[in-house]
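Number of protein chains: 2
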Amino acid sequence: MALGGATMDERVPRDFETLRATILERRQSLPKRIAQIAAYALDNPDDIAFGTAASIAASAGVQPSTLIRFAQQLGFDGFTSLQQVFRERLRERNSSYDERLAALRAKAEEGAGHRAIFDGFVAAASTSLSDISRTLNEEHFEEAIALLAKAETIYVLAKRRSYPVASYIAYALGKLKIRNQLIESAAGLNAEMIGFATPADAVIAISFSPYAPATIEETRTISDQGVPIVAITDSSFSPLAQFAKVWFEVAEADFGGFRSLSATMALAMALTVAVGEKRRESGRKKA
Amino acid sequence: MALGGATMDERVPRDFETLRATILERRQSLPKRIAQIAAYALDNPDDIAFGTAASIAASAGVQPSTLIRFAQQLGFDGFTSLQQVFRERLRERNSSYDERLAALRAKAEEGAGHRAIFDGFVAAASTSLSDISRTLNEEHFEEAIALLAKAETIYVLAKRRSYPVASYIAYALGKLKIRNQLIESAAGLNAEMIGFATPADAVIAISFSPYAPATIEETRTISDQGVPIVAITDSSFSPLAQFAKVWFEVAEADFGGFRSLSATMALAMALTVAVGEKRRESGRKKA
DNA sequence: GGCAATATGAAATAATAATTCCAATCCATA
DNA sequence: TATGGATTGGAATTATTATTTCATATTGCC
Numbered sequence: 001m002a003l004g005g006a007t008m009d010e011r012v013p014r015d016f017e018t019l020r021a022t023i024l025e026r027r028q029s030l031p032k033r034i035a036q037i038a039a040y041a042l043d044n045p046d047d048i049a050f051g052t053a054a055s056i057a058a059s060a061g062v063q064p065s066t067l068i069r070f071a072q073q074l075g076f077d078g079f080t081s082l083q084q085v086f087r088e089r090l091r092e093r094n095s096s097y098d099e100r101l102a103a104l105r106a107k108a109e110e111g112a113g114h115r116a117i118f119d120g121f122v123a124a125a126s127t128s129l130s131d132i133s134r135t136l137n138e139e140h141f142e143e144a145i146a147l148l149a150k151a152e153t154i155y156v157l158a159k160r161r162s163y164p165v166a167s168y169i170a171y172a173l174g175k176l177k178i179r180n181q182l183i184e185s186a187a188g189l190n191a192e193m194i195g196f197a198t199p200a201d202a203v204i205a206i207s208f209s210p211y212a213p214a215t216i217e218e219t220r221t222i223s224d225q226g227v228p229i230v231a232i233t234d235s236s237f238s239p240l241a242q243f244a245k246v247w248f249e250v251a252e253a254d255f256g257g258f259r260s261l262s263a264t265m266a267l268a269m270a271l272t273v274a275v276g277e278k279r280r281e282s283g284r285k286k287a
Numbered sequence: 001m002a003l004g005g006a007t008m009d010e011r012v013p014r015d016f017e018t019l020r021a022t023i024l025e026r027r028q029s030l031p032k033r034i035a036q037i038a039a040y041a042l043d044n045p046d047d048i049a050f051g052t053a054a055s056i057a058a059s060a061g062v063q064p065s066t067l068i069r070f071a072q073q074l075g076f077d078g079f080t081s082l083q084q085v086f087r088e089r090l091r092e093r094n095s096s097y098d099e100r101l102a103a104l105r106a107k108a109e110e111g112a113g114h115r116a117i118f119d120g121f122v123a124a125a126s127t128s129l130s131d132i133s134r135t136l137n138e139e140h141f142e143e144a145i146a147l148l149a150k151a152e153t154i155y156v157l158a159k160r161r162s163y164p165v166a167s168y169i170a171y172a173l174g175k176l177k178i179r180n181q182l183i184e185s186a187a188g189l190n191a192e193m194i195g196f197a198t199p200a201d202a203v204i205a206i207s208f209s210p211y212a213p214a215t216i217e218e219t220r221t222i223s224d225q226g227v228p229i230v231a232i233t234d235s236s237f238s239p240l241a242q243f244a245k246v247w248f249e250v251a252e253a254d255f256g257g258f259r260s261l262s263a264t265m266a267l268a269m270a271l272t273v274a275v276g277e278k279r280r281e282s283g284r285k286k287a
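Line order of the protein sequences matches chains R and L.
For the record, in the first sequence the residue sitting at position 254 is 254 according to the UniProt record's numbering, with numbers rising by one throughout.
For the record, in the second sequence the residue sitting at position 249 is 249 according to the UniProt record's numbering, with numbers rising by one throughout.
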């Protein structure tokens, strides 16, 4: 009996894109282990290009024979010829990458197409990141961590453009099992929520110009209750700064009227994880 | 008597640039055939990376044994270890940030202060950005824009980790006066909201592994209603991909267990703004 | 031009890696 | 729940590839 493999009409994918398309098309019908190696192949194409059948199989958690069966199902006569496709891809990419990049730059500069918009946002994000990594005040950073680490509940306060950052902070704090409360306006009960905060808690408030009046108001209120505040904002003249124990000035580059959030996000994540770390440490000390 | 090779003080070049320099420096003193293979190696580094000793030797017009002698003269113990340097070079071109990230991770793990955590998040974000800017499929990008631009209402669907992106998209679409609906679960009315979508609308669905079951379910439902879907996800094997008209694969680097969102954010913003642009264009044409 | 040291070619050998084969397991179907 | 077919794991086999060896050629030096 013939193997499924090389019947007459079978087209063997010669280039990576075709191969990729073929795999995706068939993935529903692939057996479990074969599907596993298929996913691994598309996710780590470089490993396929460089590894040996045994090493790749081990990384993907299957037997070498499965890897060969996978190749054969696709119409190749063995692993070696499948590997050629992955190698070819690397060669082509590297040889033409510089040229392609140059072409893209030229196109973007003459303002053609939507790619320029994408490149603009990527550039804005990169700029913001390198900016914040240069200017971050480490003392403030440590202070903020200390302040947040000893809070009973961390309140997270942000509206409009800053809201995505707040929701990611809330998500991350939750994952780290740190009690937190995101102040959202859905039910119009913000004032009540805020009322529960005490000086034993802490607040992360985020707001950029034009500052959402609600954020300012709520920050003022919560500050009056004696709750310490860590603020992330875009200028030392920000109305948030006056209420905050510690504040960070983050300059985000903008493109097409929308400012990047990447620097703020990076800072927010670093704060969150560092607070988690600090809590683990002091928890250990106490125990 | 010993071969010239491995005397005590000999430093074996570990990276391509050092190797290259070493070869150029010694080339005067190399015997004829060795010089021949040396020249070939520098001119066709990709061949060295992927070929077999026999095939390379044939292309360069020498014997395999010469190739091995060449490697040994440089201090390697054989062709195989020389070849590693050429392969490493190809890999590094793709991911030069990866090493830096790995180093930062190690540093953060051995408790080297909170600054390392911050640097880690910045590095993860930069890596993700440079990655997506290299791999974005422009055709898919244009398709997605076209599809979203002609939608009556754009539904935005994401949970948990992806939710911040969704909320930013909703914010930006609102600013651009594009009708949109963020599918949130607050009131438990998702099913009803989704029910309103028609084939004249469109969906942006975002989900990363581990895929929130609710997102998958809702995407399936809305897809069954014939609403075209643009998906942003992290692997072509993502369950979202099968429902989507167009999908983007975004590989976000992670740090401390939290993946960056910067690439996804940049893509999301670019999509949003490009859709706004496209609408203005076609609006003008009609008027 | 002769001698020694070095370099080269070609085939033999050793090492490594791909592939095949068969028994065990899983899965769907009656 | 029994049965047949497909799938999988793991070792045995085969193929490929790197390396070594040794005889031969070349080069530089006296």
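Ideal Cβ positions, reconstructed from N, Cα and C, are used throughout, including at glycine.
Treat the numbers as computed from the prediction; the structure is a model and nothing was measured.
Residues near residue i in its chain [Cβ-Cβ closer than 6 Å; skip 5 each side]
| i | result |
| --- | --- |
| R:Y97 | Because the pLDDT at R:Y97 is just 40, under 50, the model does not fix this residue reliably, and the point stays unresolved. |
| R:A125 | S260, S262 |
| L:D131 | A251 |
| R:A231 | A205, L240, A244, W247 |
| L:L82 | A71, F76 |
| R:R279 | A149 |
| L:M193 | I183 |
Where residue i falls, given that 16 or more other Cβ within 10 Å makes a residue buried
| i | result |
| --- | --- |
| R:S223 | buried |
| L:K159 | buried |
| L:T198 | exposed |
| L:E218 | buried |
| R:G276 | buried |
| L:P31 | exposed |
| R:N137 | exposed |
| R:T66 | buried |
| R:R105 | Any reading at R:R105 must be qualified, since the residue scores a pLDDT of 49, below 50, and its modelled position is unreliable; the value itself is stated next. Exposed is the call here. |
| R:E281 | exposed |
| L:S238 | buried |
| R:G257 | exposed |
| R:S128 | buried |
| L:A166 | buried |
| L:E249 | buried |
| R:M269 | buried |
| L:L24 | exposed |
| L:A202 | buried |
| residue 288 of chain L | In the structure as shown, chain L begins at 1 and stops at 287. Residue 288 of chain L is therefore absent and cannot be evaluated. |
| residue 292 of chain R | Look at the range of chain R in this structure, 1 to 287, and you will see that residue 292 of chain R is not part of it. |
| R:G120 | buried |
| R:A200 | exposed |
| R:L101 | Unreliable placement is indicated for R:L101, whose pLDDT of 42 sits below 50; the coordinate value is still reported in the next sentence. When all chains shown are included, R:L101 counts as exposed. |
Same chain, Cβ closer than 8 Å to residue i, five either side skipped, listed in chain order
| i | result |
| --- | --- |
| R:I68 | A53, G78, F79 |
| R:E143 | K245, V246 |
| R:S59 | Y40, N44, D47, G51 |
| L:N180 | T153, I154, Y155, V156, I169, A170, L173, G174 |
| R:R89 | D15, F16, P45, A49 |
When the options are compared against residue i, the one with the closest alpha-carbon
| i | options | result |
| --- | --- | --- |
| R:Q225 | R:R20, R:G195, R:G113 | R:G195 |
| R:R27 | R:F70, R:D15, R:L136 | R:F70 |
| L:F118 | R:R87, R:H140, R:I56, R:A116 | R:H140 |
| R:F208 | R:L182, R:S55, R:R89, R:A253 | R:A253 |
| L:E92 | L:G113, L:T22, L:A49 | L:A49 |
| L:S162 | L:V122, L:T215, L:A270 | L:T215 |
| L:A151 | L:T18, L:L267, L:I229, L:A21 | L:I229 |
| R:P164 | R:I183, R:A21, R:S236, R:P213 | R:I183 |
| L:L147 | L:G283, L:T22, L:A21, L:L271 | L:L271 |
| R:A123 | R:F255, R:K177, R:S29, R:S133 | R:F255 |
| R:V273 | L:A266, L:R115, L:T221, L:T22 | L:R115 |
| L:F86 | L:Y211, L:V227, L:S235, L:L42 | L:L42 |
| R:A191 | R:R220, R:K177, R:Y211 | R:R220 |
Same chain only: Cβ atoms within 7 Å of residue i, ignoring 5 sequence neighbours per side
| i | result |
| --- | --- |
| L:Q63 | A57 |
| R:A35 | R27 |
| L:M8 | Because the pLDDT at L:M8 is just 35, under 50, the model does not fix this residue reliably, and the point stays unresolved. |
| L:I37 | A60, V62, T66, L67, F70 |
Complete beta strand (DSSP E) runs within the region 138-178 of chain R (minimum length 3 residues, chain order): 154-158
Length-filtered (4 minimum) alpha helix (DSSP H) runs lying within the region 55-88 of chain R: 64-73
The region 191-221 of chain R: positions lying closer than 9 Å to chain L by Cβ: none
Members of the region 138-149 of chain R near chain L, C-beta cut-off 7 Å: E138, F141, E142, I145
Under 9 Å (Cβ pairs) to chain L, residues found in the region 239-262 of chain R: F255, G256, G257, F258, S260, L261, S262
Anything in the region 113-127 of chain L with a Cβ closer than 9 Å to a Cβ of chain R? List those residues in chain order, please. G113, H114, R115, I117, F118, D119, G120, F121, V122, A123, A124, A125, S126
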